[in-house]
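Undergrad: Supplied in structure tokens, the structure appears directly below.
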Amino acid sequence: MQFKVPQNIDIEDKIVGSLTLIQFSYLLVGGVICYIFFKSFPRALFILLSIPVVFSALFFTFVKIQEQTFAKFLKNLFLYYTQPKERIWHKGPTALTLQENPKIDSKQPQPRYANKKVFKTELESLSQILDTGSNLPPKVNQGR
């Protein structure tokens with residue numbers, strides 16, 4: 011059964027014209043804030059308050075700095091200034107654990123290959139299988 015593998019999965023879908031959903035939402039939020047200012051304040055105050063909102067919405071929507079969206083750039087800029095520039099590794103104390111080796115009972119069953127002759131013949135057959143790539147029995151010299 012074959013499946014279609016999606017290509018270009020890192021490219022966002024265009025929802026409205028050439029805008030992605032995130033870009034459209036930035037513009038929508040900026041427009042809603044400007045509309046609230048328009049209904050709430052006198053004309054002069056509305057213009058003063060809406061100019062930064064409009065420019066912020068446009069920056070968040072269309073500006074890319076070093077192939078990063080403006081929001082991601084601002085986040086990385088904030089992290090750059092808040093996190094330390096040097097990273098110093100301090101080795102912490104390590105917990106040592108001691109384990110006692112279990113004693114081997116002589117009553118335990120013997121290993122499978124106690125007889126070295128059986129082990130050698132099985133090893134030869136495995137070697138033959140690996141060398142020839144087949145399950146033919148190994149050639150055994152009778153004169154040994």
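Quick note on numbering: the sequence shown equals residues 11 to 154 in the numbering used here.
Cβ atoms here follow ideal geometry from the backbone N, Cα and C, with glycine treated the same way.
Cβ of Val63 within 8 Å of Cβ of Ile43?
TA: yes
Undergrad: Output the boundary residues of the beta strand (DSSP E) element that contains Ile25.
TA: 24-26
Undergrad: By a C-beta neighbour count over all protein chains shown, 10 Å radius and 16 as the cutoff for buried, is Ser28 buried or exposed?
TA: exposed
Undergrad: Using the C-alpha atoms, what's the distance from Met11 back to Ile139?
TA: 34 Å
Undergrad: Exposed or buried, which one is Thr92 when buried takes at least 16 other CB atoms within 10 Å?
TA: exposed
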